Each structure stands twice: as C-alpha cells, then as structure tokens.
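Down below is the structure, laid out as structure tokens.
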Amino acid sequence: MKIVAFHSYKGGTGKTHLSANLATALARRGYKTCILDLDFRGPNLQTLCGVETKTTINDLLFDPDLSSEDILVSFEEEYQIPLFAAFASTDFRKMGEIVRADKKQRQRSLKRILKLRDELSDANFDFTIIDTSPGVQMESIDGLVISDATCLVLKADDFDISGTKSMVTQLYSLLDSINYVVLNRVVAESCPPEEGVWSSTDLEQVKKFENTIKNEMRMEVLTSIPCFCEVAREGSRNIFSLKHPDHPFSKHIDNLATALLEGFK
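Residue numbers 1 to 265, in the numbering used here, belong to the letters of the sequence shown in order.
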C-alpha cells in the first residue's frame, strides 16, 4: 500500500478538494483507495462527501477498542468504484480534545494511526490518501511521517514563499518520502484554458512558473491545475470529478494520478 499526504503551509489552497478528487481518480482505475481526514482543526471531508458519521478518526485516537472497521465508510455501492473514507469529527468538543492533547496522548494517537495504517494494508488497500492540517501542527506531522509521498499544495496566486520555504527546509528534509509540489488554481493568459488544454503561450508561462517554484523549493512540481470558475462555484459541496467526470478539471486530476503513479515506479 502506498500512502500519499496532501499538505500546505496555510489554509485555502484547495488541499482537501484535490486529495478527495485524486482518491476518486485512483479508485476509478480500480485501485482500492481510502481517504483519511487528518485535518482535525478544519475538517471538511464529510461535507465534501455529503455524509455524516457518528464514529470518527478522533474517536479511534482516544479509544483503543476501535479499529478501521468502525470508522470506514464505503462508497463502493453508491459510485461503483473501490473508494472508502474515514472522517475527522466536526464536533468542536472533539476537535478541542485533539488540539489540547498532552504528550502521552499524542504518543498514543501516533501509535493508533500506525495501527490504522497497518489495518488498511492488511485489508489490501492499494492507496491511502491523507488530508492533513496546514502548517506544522503535530497531527499534520503524524500524517506526513507515515507517508510514502507528500504533495505540498500551493495556490498559485496567493502563497507565502518565504514561510513555505522555511517549512520545507525544517520539516520536509526530515521526511523519508518523495516530496512534490502541486500548483492549484493556476491563472494564465487564457483562463480557464480552452477544453482544459493550455495554449502554447500559456504553457510557456506555466512552465516558467513551475521552474521558479522548483528552484525555490528544490522540489519537483508534479502538476499545475488551472483555475476553473465551475469548480470554485461548487466549492466544497461535492467531489467535483464524481459529478463531472468529463470536465477539464477532472482530466487534470487524472493527469495528477498518472504523474503520481509514474513517480512510484
């Protein structure tokens, strides 16, 4: 099983949206895929998936008797693809328990996340996609350290390059994983690109920007995803590529899946 974490320096990058859509793209290809919401400070995956669940990852971290079977939600029957999810709680009390956890509880939480990873591997999952909290919260680090690859999501029109570089230097250099940048909501001359395909002028502009980021961050840029008004309008109401599989955005997500799979070869 391969684990891919989506991370960002700050919120509002579209990290959750991309992670859910990537999980969908992998499941469409027949890979048994689970998405884990470890963004305990701003959980949004339940809203995105349109479900409510009583037992969450928060509960598992505090209750040694719970297992993956207690928290996993299957979308196999609904979407006819091997897609599963486990959600973080949207209950403010439970969110506070994570934030206020002492050192001993954090150690127990990490052990239970490792146990969850092993249970998913034993259940023959091919991929686990993790949505983490932004920044360098301890719960973010837990998700990053168990990952085989990390996708740092940058919103191309608004990011703190000095802060992001500092995080990459201090944190990512310690990770035993493949580290990538994913540029989201990229704006070029013709935006959105016609049928999702960059013109030669746009492509030159995008490649130049990618090279700038690559040199600044010293990380490979996995892909650049254009800004689409339709995606922004629908926001966090659904997994966009499930509802609009033929939309250019969905094709870019599929390209992201292809690039990631190539990176694991």
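No residue lacks a Cβ here, since even glycine has one placed at the ideal position from N, Cα and C. Only a predicted model underlies this, so the values are computations on that prediction, with no experimental measurement involved.
Check	Outcome
Can you list, in chain order, the stretches of the beta strand (DSSP E) that have 3 or more residues and sit fully within the region 145 to 210?	149 to 155 and 178 to 186
So K2 and F264 are supposed to be a Cβ contact under 8 angstroms. How far apart are they, rounded?	6 angstroms
Could you check if P134 is buried or exposed, using at least 16 other CB atoms within 10 Å of its CB as the buried criterion?	buried
Between L83 and A5, which are expected to be in contact by the criterion C-beta below 8 angstroms, what is the C-beta distance as a whole number of angstroms?	Not quite, the Cβ-Cβ distance comes to about 18 angstroms (not below 8 angstroms), so this is no contact.
Quick check on this structure: which residue in L261, D65 and V168 has the alpha carbon closest to the alpha carbon of I141?	V168
Give the secondary structure of H252 by DSSP, where H, G and I count as helix, E and B as strand, and everything else as coil.	helix
Whose C-beta lies closer than 6 angstroms to the C-beta of I81 among residues of the same chain, with five residues either side of it excluded?	A27 and R28
Taking 8 angstroms as the threshold (C-beta atoms), are L48 and V153 in contact?	no
Roughly how far, in whole angstroms, is the beta-carbon of L38 from the beta-carbon of E139, given that I think they are within contact range, below 8 angstroms?	6 angstroms
Given 8 angstroms as the limit, is there contact between the region 217 to 230 and the region 239 to 252, that is, 3 or more CB pairs closer than that?	yes
Under a three-way DSSP split, which group does H282 fall into?	The structure shown does not extend to residue 282, since the chain is modelled only from 1 through 265, so no value can be given for it.
When DSSP builds the beta bridges, which residues end up paired with E220?	Y180
Between the Cα of S67 and those of L261, K115 and K10, spot the shortest distance and give me the residue it belongs to.	K115
In chain order, which beta strand (DSSP E) runs of at least 3 residues are fully inside the region 65 to 120?	83 to 86
Rounded to the nearest angstrom, what separates V73 and D131 at their Cα positions?	16 angstroms
Check the DSSP bridge columns for V4 and list the partner residues they point to.	I129 and A149
From the beta carbon of F240, is the nearest beta carbon of chain B less than 8 angstroms away?	Absent from the structure is chain B; it holds one protein chain and no more.
Is L183 buried or exposed, if buried means 16 or more other CB atoms sit within 10 Å of its CB?	buried
Which residue marks the beginning of the beta strand (DSSP E) containing T55, and which one marks its end?	No beta strand (DSSP E) contains T55, which DSSP labels as neither H nor E.
With DSSP run on the structure shown, which of helix, strand or coil describes C229?	helix
CB A86 to CB L36, shorter than 8 angstroms?	yes
Which whole-angstrom value is the C-beta distance of T223 and H252, which I expect to be below 8 angstroms?	7 angstroms
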